[in-house]
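Just so we're aligned, residue 64 is where the sequence shown starts under my numbering, counting upward by one.
All C-beta atoms in this analysis are idealised placements derived from N, C-alpha and C, irrespective of residue type, glycine included.
One structure below.
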Amino acid sequence: MDDLRPRSWGEALAMRAAHPDALPVAGGTDLMPRMNLAGLRPTALLDLSRVPDLAGWEDRSAWLWIGAAMTYTAMLAELGEHAPALAAASRAVGSPQIRNRGTIGGNLGTASPAGDCHPVLLATRATIEVESPRGQRLIPAREFYLGPRRNALAPDELIRGLLVPKATGPQQFSKVGVRNAMVIAVSSFAVALHRDERRVGTGIGSAGPTPLVAGAAERYLNAELTAGDYWDRKRPLPGPITSRFAELVSAAAEPIDDLRATAGYRRHSLGVLASRALRWCWTDYLKGHR
Ligand SMILES: Cc1cc2nc3c(=O)[nH]c(=O)nc-3n(C[C@H](O)[C@H](O)[C@H](O)COP(=O)(O)OP(=O)(O)OC[C@H]3O[C@@H](n4cnc5c(N)ncnc54)[C@H](O)[C@@H]3O)c2cc1C
């Protein structure tokens, strides 16, 4: 097996084009178990972990640019102020060892419906920056997930980074699993209050063939918040609004029974997560916290 080690982004793209069968690898926390335990035998690996800048991030005015090879440990330490839900999702991933190696680009590359970053990227309306020798594409997260472990990347494209809008209001991410650490989500949920745009974003994980947006729940809550002038008058949210939002989130799921949980439990737990996340966010909003 060839081990390709580009030292620049341009070299990585050229190697990708010259070796179409090579599999990109960043932290290896998804890929290596597939090679060790599932018989995956690529002819070559394209190691992105030495490409400068890919592991960092940049402040771009209203946006954060996050390099594809940024690890969970780094996101947790550095992005809490401007991307609180992404930091919360990073904290929920695996163990310290996995968080030290695993990257956001690897989460997107695998595109597992259970990946912890995805609900946040949907709720915040992030954009994925991908590139090949043919040029660059910006793909909205809401168009990136095409099927179970299938994403919108063309075969010659690499993920360079992501653009995540800086938080303008409270955000939450939470997940249910069979224990608190080292656990694949049974269900997960993210919500972001986009205060400046007077809009709410949602993302559901591990309860469908892909990560999902709860579109009807977003539309319902946006309409209620506007009709009741809740954004400006900063009034507490009545219980029935939170309950209806949670019902609509639960209804947006497309879960199946599997060895981790039944479809019914997934729907139920999502409703609980959604109701709690909205209450926590709104309490923070009333207190003026971002
Ligand atoms: C014990 C254990 C616990 C885990 N717990 C969690 C968890 O709680 N939550 C969670 O979400 N995940 C979890 N994972 C899965 C994994 O750690 C994450 O998905 C992680 O983000 C993968 O990142 P990586 O850099 O290691 O990816 P890699 O294994 O290097 O790559 C994963 C896939 O992405 C592709 N890829 C990587 N980078 C790029 C790029 N820049 N462009 C194009 N394709 C690319 C690779 O070709 C491969 O197909 C766990 C894994 C293990 C082994």
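Quick check: is any heavy atom of ligand 1 less than 7 Å from the C-beta of R164?
yes
Do the stretch 86-96 and the stretch 165-172 touch if we need at least three Cβ pairs shorter than 8 Å?
yes
If you follow the beta strand (DSSP E) that P147 is in, where does it begin and where does it stop?
Premise fails: P147 lies in the alpha helix (DSSP H), 147-154, not in any beta strand (DSSP E).
Would the beta-carbon of D93 be found less than 7 Å away from any heavy atom of ligand 1?
yes
Mind reading off the beta-carbon distance from G266 to L185? Whole number of angstroms is fine, and I expect it under 8 Å.
3 Å
Just grab the DSSP bridge partners of R202 for me.
Correcting the residue type first, residue 202 is Ile in the shown sequence and not Arg. I191, per the DSSP bridge assignment.
Taking the DSSP output, what are the residues bridged to I267?
F252, L275
Residue span of the alpha helix (DSSP H) that contains A107, given as start and end
Per DSSP, A107 belongs to no alpha helix (DSSP H); it is in the beta strand (DSSP E), 107-110.
Near ligand 1: M245 beta-carbon under 7 Å from a heavy atom
yes
Proximity to S153 [Cα-Cα], best of D295, E121, T136, I304
T136
Cutoff 8 Å; reference R223; Cβ partners in own chain excluding five residues on either side:
W72, L117, G130, A131, E192, V193, E194, Q199
Ignoring anything shorter than 3 residues or poking outside the stretch 67-135, list the beta strand (DSSP E) runs there in chain order.
86-88, 107-110, 120-123, 126-130
In or out: V241 buried (at least 16 other Cβ within 10 Å) or exposed?
exposed
If you drop the 5 nearest sequence neighbours on each side, which residues of the same chain put their C-beta closer than 6 Å to that of V239?
V249, S250, S332
In angstroms, rounded to a whole number, what distance separates the CA positions of A340 and K229?
19 Å
Around the Cβ of S338, are there at least 16 other Cβ atoms within 10 angstroms (buried) or fewer (exposed)?
buried
When you compare only the Cα positions, how much space is there between V263 and L216?
27 Å
Does the beta carbon of D84 fall short of 7 Å from some heavy atom of ligand 1?
no
Taking DSSP's pairing of strands, which residues face H257 in a bridge?
R262
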